Amino acid sequence: MSNLRTWLAFALILGFVLLAVFAQFIAPFDPFRGGADALLAPGAKNYLLGTDHLGRDILSELIFGARVSLAVGISAALSASILGIVVGSLAGFFGGWVDGALMRVSEFFQTLPRFVLALVIVAFFGGGVLKVIIVLAILSWPQIARLVRAQILSLRESTFVEAARLSGMNGIQIIAREILPNALAPVIVTGSLDIASAILLEASLSFFGLGDANLISWGGMLNVAQPYLRQAWWMAVFPGIAISLVVLAFNILGDALNDALNPRLQETA
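The numbering of the sequence shown is our numbering, which starts it at 4 and goes up by one.
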């Protein structure tokens with residue numbers, strides 16, 4: 004059952020990725036162009052999921068909206084992972100004052116309420132996909148840094164690390180070639196879960212009108228739908244379903260990766 008659930012989640016993610024990549028070929032209508040067919044219910048005329056208040060096709064908006072949501076989620080998680088790996092590696096390998104200073108910075112960021120801080124920063128500096136990605140990455144790296152640090156602390160006294168020291172490798176080479184390949188499993192798991200969190204945060208920011216107004220996103224669709232909830236429920240329901248499905252799929256994939264890459268779970272199984 005768990006394997007079936009994992010494959011369904013993977014298929015769902017792959018499906019949304021393909022929709023995002025080939026949106027201009029798959030979308031039945033131009034999502035930026037309105038018309039006279041405003042607020043048509045799902046199934047009316049040629050509109051499978053209905054239209055919004057400007058006559059734009061909801062299905063086409065969902066397909067193009069996948070681009071922004073997935074781009075922000077994957078880019079933010081990848082950026083946070085890179086930053087977390089660098090900080091955690093330096094802290095764990097060198098220890099001492101380097102470890103102390105970097106972990107104090109990490110603790111500071113971990114105490115901050117992510118959504119509230121993201122809301123304030125984006126509201127102050129303005130929206131835009133790149134700014135949202137940077138903000139989400141800055142707020143997401145501490146957990147990965149601590150995971151990498153813990154892994155490196157357990158590996159840095161290993162015999163293969165000592166052998167690398169004796170062979171003349173410097174600290175950076177040892178980290179990159181010997182330690183990191185053996186410490187990336189928890190980063191991969193956390194990264195997949197961070198994608199889900201970033202997608203949800205981006206949707207929340209766009210819902211409050213802090214996304215890029217020139218792009219279509221699922222959160223932005225929810226923002227536009229607010230005044231029409233009673234007369235056009237489909238404007239909010241379908242983007243809400245899309246967000247829920249993608250976030251759920253990445254969480255299921257993260258759990259599956261944890262089961263596959265966690266040696267303790269494999270031993271108990």
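Beta carbons: idealized from backbone N, C-alpha and C, even for Gly. Predicted, not measured: the structure shown is a model, and the values here were computed from it.
Q. Quick one: is Glu205 buried, meaning 16 or more other Cβ sit within 10 Å of its Cβ, or exposed?
A. As a position in the sequence shown, residue 205 is number 202, starting the count at 1. Glu205 comes out buried.
Q) Less than 7 Å separating the beta-carbons of Leu81 and Ala94? A) In the sequence shown, residue 81 corresponds to position 78, counting from 1. In the sequence shown, residue 94 corresponds to position 91, counting from 1. Taking 7 Å as the Cβ cut-off, Leu81 and Ala94 do not qualify as a contacting pair.
Q.
Report the CB separation of Ala126 from Leu213 in whole angstroms; it is logged as a contact under 8 Å.
A. Along the sequence shown, one-based indexing puts residue 126 at 123. Along the sequence shown, one-based indexing puts residue 213 at 210. Contact holds; Cβ gap of about 6 Å.
Q) Can you tell me whether DSSP reads Ala39 as helix, strand or coil? A) In the sequence shown, the residue the question calls residue 39 occupies position 36. Residue state, collapsed to three classes: coil.
Q: Apply the 10 Å Cβ neighbour rule to Asp60 and answer buried if 16 or more other Cβ atoms are within range, or exposed otherwise.
A: By one-based count along the sequence shown, residue 60 stands at place 57. Taking a 10 Å sphere around the C-beta of Asp60, we find 16 or more other C-beta atoms and assign the residue as buried.
Q: Kindly confirm or deny that the stretch 254 to 262 and the stretch 225 to 244 touch, where touching means at least three C-beta pairs closer than 8 Å.
A: These segments do not touch.
Q.
Let's see if you can read the secondary structure: which residues bound the alpha helix (DSSP H) around Gln146?
A. Counting from 1 along the sequence shown, the entry for residue 146 is found at position 143. It spans Val132 to Leu158 - the alpha helix (DSSP H) in which Gln146 sits, taken as one unbroken run.
Q.
Beta-carbon within less than 7 Å of Phe210's beta-carbon, same chain only, minus the 5 sequence neighbours each way: which residues are those?
A. For the purposes of this step, residue 210 is identified with residue 207 of the sequence shown, where counting begins at 1. Around Phe210: Gly222, Leu225 and Asn226.
Q. Quick one: what does DSSP say Asp273 is sitting in, helix, strand or coil?
A. Lying before the first or after the last residue shown, residue 273 is absent from the chain, which here runs from 4 to 272.
Q.
Our contact map puts Val75 next to Ala201 with C-beta atoms below 8 Å; I'd like the distance itself, whole angstroms only.
A. By one-based count along the sequence shown, residue 75 stands at place 72. By one-based count along the sequence shown, residue 201 stands at place 198. Rounded to whole angstroms, the Cβ separation of Val75 and Ala201 is 6 Å, and the two are in contact under 8 Å.
Q.
Assuming the contact rule is C-beta atoms closer than 8 Å, Val164 and Ile182 should be a hit. Round their C-beta distance to whole Å, please.
A. Translated into positions along the sequence shown, residue 164 becomes position 161. Translated into positions along the sequence shown, residue 182 becomes position 179. Taking 8 Å as the upper bound for CB-CB distance, Val164 and Ile182 are in contact here, some 6 Å apart.
Q. Using the C-alpha atoms, what's the distance from Val151 back to Glu160?
A. Stepping through the sequence shown from its first residue, residue 160 is reached at position 157. Stepping through the sequence shown from its first residue, residue 151 is reached at position 148. Distance between the alpha carbons of Glu160 and Val151 is about 15 Å.
Q: Whole angstroms is fine: what's the gap from Gly87's alpha carbon to Ser109's?
A: Locating residue 87 in the sequence shown gives position 84, counting from the first residue. Locating residue 109 in the sequence shown gives position 106, counting from the first residue. About 9 Å.
Q. Does DSSP classify Asp60 as helix, strand or coil?
A. What you label residue 60 is simply residue 57 of the sequence shown in a count that begins at 1. In this structure, Asp60 counts as strand in the three-state DSSP scheme.
Q) What residue does the alpha helix (DSSP H) around Gly223 start on, and which one ends it? A) Translated into positions along the sequence shown, residue 223 becomes position 220. Counting along the chain, the alpha helix (DSSP H) containing Gly223 begins and ends at Trp221 to Ala228.
**Q.** CA-to-CA distance, Phe19 to Thr54, given in whole angstroms
**A.** In the sequence shown, counting from the first residue as 1, residue 54 sits at position 51. In the sequence shown, counting from the first residue as 1, residue 19 sits at position 16. In a straight line, the C-alpha of Thr54 is about 21 Å away from that of Phe19.
Q. Starting from Met106 and walking both ways along the alpha helix (DSSP H), at which residues does that stretch end?
A. Your numbering for residue 106 matches position 103 in the sequence shown. Gly99 to Thr114 is the span of the alpha helix (DSSP H), which, as asked, contains Met106.
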